[in-house]
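Numbering (full-length UniProt numbering), first residue to last: 1 to 84.
Using N, Cα and C, we set each Cβ at its ideal position, and we do this for glycine too.
From a predicted model like this one, the values you see are computed outputs, not experimental measurements.
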């Protein structure tokens, strides 16, 4: 893997872990962190540049999904706290 690809993958990995820690529910948070770590470990030996790019694109989509879910979770928590 080229140095820039490696740096991009590591940045993406860190961003996914960081964002997943924003889940307020312990179960979601631990599942997300475990799943991210497992997926990156599973694919750490991939050498094919096309496959690497496919995995990077999937990880970017997953990162956006995590961001949307944590924002939704934050909004839901905020709305529920105002009701009480």
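Same chain only: Cβ atoms within 7 Å of residue 17, ignoring 5 sequence neighbours per side:
As a position in the chain shown, residue 17 is number 17, starting the count at 1. Closer than 7 Å at the Cβ level, and outside the excluded window around residue 17, lie 33 and 36.
By the three-class DSSP mapping on this structure, what secondary structure does residue 47 have?
Numbered from 1 along the chain shown, position 47 holds the residue referred to as residue 47. Note: residue 47 maps to coil in three-state DSSP.
Evaluate residue 9 with the Cβ neighbour count: other Cβ atoms within 10 Å of its Cβ, from every protein chain shown; 16 or more gives buried, anything less gives exposed.
Along the chain shown, read from residue 1 onward, the residue named residue 9 stands at position 9. Per the 10 Å Cβ criterion, buried.
Is it true that the stretch 15-30 meets the stretch 56-73, where meeting means three or more beta-carbon pairs spaced less than 8 Å apart?
yes
Backbone secondary structure at residue 21 - three-state DSSP
Taking the chain shown and counting its residues from 1, the one referred to as residue 21 is at position 21. Coil, per DSSP.
Separation of residue 81 from residue 38, as counted between CA atoms:
Reading the chain shown from its first residue, position 38 is the one you call residue 38. Reading the chain shown from its first residue, position 81 is the one you call residue 81. Just so you know, the alpha carbons of residue 38 and residue 81 end up roughly 34 Å apart.
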